Amino acid sequence: MSMPDAMPSTGVQTLPEAAAGSRRLTISEALREAIAEEMRRDPDVFLIGEDIGVEGGFGGAFGVYLGLVEEFGHGRIIDTPISEKAIAGAAIGAAVLGMRPIADMQYSDFLFECMDELVNQAAKLRYMSGGKLSVPMVMRAPVGATTRGAQHGQCPESYFAHVPGLKVVAPSDAYNAKGILKSAIRDNNPVLVFEHKMLYGSKGREAAGGFDLTCEVPLGDYVVPIGQAVVKRPGRDVTVVATHISLYRALAAAEELAGEGIDCEVIDPLTLQPLDGETIFGSVRRTGRLVIVHEDTLTGGWGAEVAARAADECLSYLEAPVKRVATLDVPMPCAPILENAVLPSTARVVAAVRQVMA
Amino acid sequence: MIETVGPSAPALYRGMLLIRRFEERVFRLFLEGEIPGTLHQYQGQEAVAVGVCDVLRRDDWVTSTHRPHGHALAKGVSAREAMAELYGKRTGACKGKGGSMHLGGPAVGMLPAIAIVAGGASVVSGMGLAMKLRATDQVAVCFFGEGATNEGAFHESLNFSAVKDLPVVYVCENNLYGASTRYDLVSRVADVAERARAYGVPAEIVDGMDVLAVREAAVRAVATARAGGGPLVVECKTYRFTGHSRSDGRGYRTRQEEEEWASRDPLLVLRPHLDDATEERLEAEVKAELDDAVEFARSSPFPSPEEALEDVYA
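First to last, the protein sequences are chains A and B. FYI, the numbering for the first sequence is 0 to 357, going by numbering that gives the first Met the number 0. FYI, the numbering for the second sequence is 0 to 313, going by numbering that gives the first Met the number 0.
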């Protein structure tokens, strides 16, 4: 099953209903399943990172890899020193030789340790070679604030969405996480897969404010294409584009606003590079209003790119200024009261939508 | 196996001569305005690229640096493709997108040169990892300068290759200067080999002006890595005869030092192993090859502007 067939022409994606051959999974479980299935399918796929296959360890920083080393062994679940440049470099070099590495960063904040490898090498080797090689690798990296402070809570997707040669995806539910990770593994380019820590599983569900973070995931193989946004909630009045936990806040805001007679269309871009302009700006042309919500900080975040493209591609359709709801422009503070003060809350989304509707 | 074949002095001399005359020709064409961009030239270090690549197979891989012309020619990128790349032509090794600093040729086992100091070290580990996972008997070679040993990537790569027992040979071209900065001002240890040993990696120091000595060390290192005993470091003490880049007046080193090293020019060192007739024949062959390469580059089409948008994604 591939998404273009599964989705109605409006781009509205309804997650699968419970059916024979599906079950409710968390994102962690769905990601693990995607990796295991791809490793069974293709002997060139391997996993590399810190603390991912240690016996008696924890299966990666968030347990996504638990059980994989038992099935695939240390030859394909490759533990590394705490050495992010080595991890990225190892993935790039192996990919150039035709393997399909999945590299793991324990926290996306650590990606800055290997910016050179990702930006100067993974993204550019194909171009510099005149198209004579490719770098089919995946880099997984958890994002998001979890009261861990400034160096374990960033959302750095925008840095990478800026780089020609990289693809950037940001799934927010188990169905799309499994399907798009499979697409990323099969893609012939470097793909960064950003997941939000609060969305991994049951612990996150509570912290995320009671959102149900499991969903039905079919048994067996399917892919969700890179570069295609999904409409999570159709609506008439205002387009709200949001990823990760902000997507759930946007959906909660939409419910609240529905009571006031405001009908929000909520879109999960799913891929930040390449962005699905057709779905997003097609929606804006219908609603005439746009609010973008992300947990990255405001200035230069990917929301700025969406806003700029809206100005470029559908300015005459806009009936109100474009609003961005983002983390305020400060390093992430640690104390919960401070963290909450800077994060994009459901209340801030509601306020922004009311503003563009006023 | 190629390692069991003894060295051929004429072949080694020809390889070094091709690089020397290529670089001289390129420098003139650059001054005449035919070649755009900038140049980091390899004169003086030819024994390293040629001595090492002489014992490599076509399916072995090398990574290179901002000074890659010699590595490219030694690993098998044709003079035509290399010259056309410097001219920015569509027929160049990288279709004009790489240029001098990213010269390479995947078909002959050379990654487009990585012009970030120590950048090749990160990637070479991954190549070695793929070779090990697939249980091939290929070897990956990382050419780097002594200046790269102060970059984090060098240390992470060396340690990673060591703990994973990867078939990687790190070939240091210690030419004493990182751009204009003397190595003894930026490292308390004079020998890169000593740094390598700190990671449990065997390291050998060799006269980088003597192609036979370099080749001998490479035979040992490559055979060991191929047999699963890697990684290893070979430190070649060498000297770049030109400035760092084309605008460098070399005011930071003495003419006396330069003359001392010039007297150990790798071409001079190998010359006693050739007779005059052979030397004359090789000069003529190399001249013809480079005349042809320049003619090929000049007459090749430029890429169309639209080609700038191709090859970003696979």
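Backbone N, C-alpha and C fix where the C-beta goes; we use that ideal spot for every residue, glycine too. All of these numbers come straight from a predicted model, not from anything done at the bench.
{"Query": "Whole-Å CB distance - Cys263/A paired with Val283/A, under 8 Å assumed", "Result": "Going by Cβ atoms, the distance from Cys263/A to Val283/A rounds to 13 Å, so no, they are not a contact pair."}
{"Query": "Contact the region 151–160 of chain A vs the region 175–188 of chain A: 3+ CB pairs below 8 Å", "Result": "no"}
{"Query": "Bridge partners - Ser21/A, DSSP secondary structure assignment", "Result": "Pro217/A"}
{"Query": "Any C-beta of chain B under 8 Å from that of Val190/A", "Result": "no"}
{"Query": "Segments of 4+ residues assigned as alpha helix (DSSP H) that fall wholly inside the region 45–79 of chain A", "Result": "67–71"}
{"Query": "Nonlocal neighbours in the same chain, by C-beta distance under 8 Å from Leu266/B, ignoring five residues either side", "Result": "Tyr12, Met15, Leu16, Arg19, Glu45"}
{"Query": "Assigned secondary structure, Arg13/B (DSSP; H/G/I helix, E/B strand, else coil)", "Result": "helix"}
{"Query": "Neighbour flag for Gly203/A against chain B, beta carbons, 8 Å", "Result": "Residue placement at Gly203/A is flagged as unreliable, the pLDDT there being 46, under the threshold of 50; a coordinate-derived value is accordingly withheld."}
{"Query": "Cut-off 7 Å between Cβ atoms - residues of its own chain near Leu273/B, not counting five sequence neighbours on either side", "Result": "Ala8, Pro9, Tyr12"}
{"Query": "Interface flag, Phe301/B vs chain A, CB-CB below 8 Å", "Result": "no"}
{"Query": "Bounding residues of the alpha helix (DSSP H) (the contiguous stretch that carries Asn158/B)", "Result": "151–162"}
{"Query": "Cβ-based contacts, 8 Å cut-off: residues of the region 26–39 of chain A near chain B", "Result": "none"}
{"Query": "CB of Val239/A within 8 Å of CB of Val265/A, strictly", "Result": "yes"}
{"Query": "Classification of Ser262/B by the beta-carbon crowding that lies within 10 angstroms, buried from 16 upward", "Result": "exposed"}
{"Query": "Reference Ala307/B; option with closest CA among Thr213/A, Met114/A, Lys123/A", "Result": "Lys123/A"}
{"Query": "Interface positions of the region 83–96 of chain B facing chain D (Cβ-Cβ less than 8 Å), listed along the chain", "Result": "Considering every chain present, this structure includes no chain D. Its protein chains are A and B."}
{"Query": "Runs of alpha helix (DSSP H) wholly within the region 33–76 of chain B (minimum 4 residues, chain order)", "Result": "45–52, 68–74"}
{"Query": "Pairwise C-alpha distance: Tyr41/B and Thr237/B", "Result": "11 Å"}
{"Query": "Cross-strand partners of Phe143/B (DSSP beta bridge)", "Result": "Cys171/B"}
{"Query": "Per-residue DSSP class, three states only, for Glu364/A", "Result": "Here chain A comprises residues numbered 0 to 357, so residue 364/A is not present and cannot be evaluated."}
{"Query": "Closer than 8 Å to chain B by CB, Gly361/A", "Result": "Given that chain A is displayed from residue 0 to residue 357, the structure contains no residue 361/A and the question cannot be resolved."}
{"Query": "Chain A contact for His68/B (CB, 8 Å cutoff)", "Result": "no"}
{"Query": "CB contact check: Asn175/A to chain B, cutoff 8 Å", "Result": "no"}
{"Query": "Chain-ordered chain A contacts of His101/B [CB-CB under 7 Å]", "Result": "Met127"}
{"Query": "Assigned secondary structure, Pro358/A (DSSP; H/G/I helix, E/B strand, else coil)", "Result": "Since the first residue shown for chain A is 0 and the last is 357, residue 358/A is missing from the structure and cannot be characterised."}
{"Query": "Coil, strand or helix - Thr345/A by DSSP", "Result": "helix"}
{"Query": "Neighbour flag for Glu155/B against chain A, beta carbons, 8 Å", "Result": "yes"}
{"Query": "Span of the alpha helix (DSSP H), counted from its first residue to its last, around Lys231/A", "Result": "Counting along the chain, Lys231/A falls outside any alpha helix (DSSP H), though it belongs to the beta strand (DSSP E) covering 229–232."}
{"Query": "Collapsed DSSP secondary structure at Phe29/B in the structure displayed", "Result": "helix"}
{"Query": "C-alpha distance - Arg27/B paired with Val329/A, whole-angstrom precision", "Result": "54 Å"}
{"Query": "Leu289/B in three-state terms, based on DSSP", "Result": "helix"}
{"Query": "Any C-beta of chain B under 8 Å from that of Pro163/A", "Result": "yes"}
{"Query": "Helix, strand or coil at Arg214/B [DSSP, three-state]", "Result": "helix"}
{"Query": "Spatially closest choice to Ala251/A from Lys231/A, Glu277/A, Leu274/A, Arg235/A, by CA coordinates", "Result": "Lys231/A"}
{"Query": "Beta-carbon neighbours of Ser77/B, restricted to chain A and to distances below 7 Å", "Result": "Neighbours of Ser77/B on chain A: none; closest Cβ ~14 Å, over 7 Å."}
{"Query": "Near-chain A residues of the region 204–222 of chain B (beta-carbon distance less than 8 Å), N- to C-terminal order", "Result": "none"}
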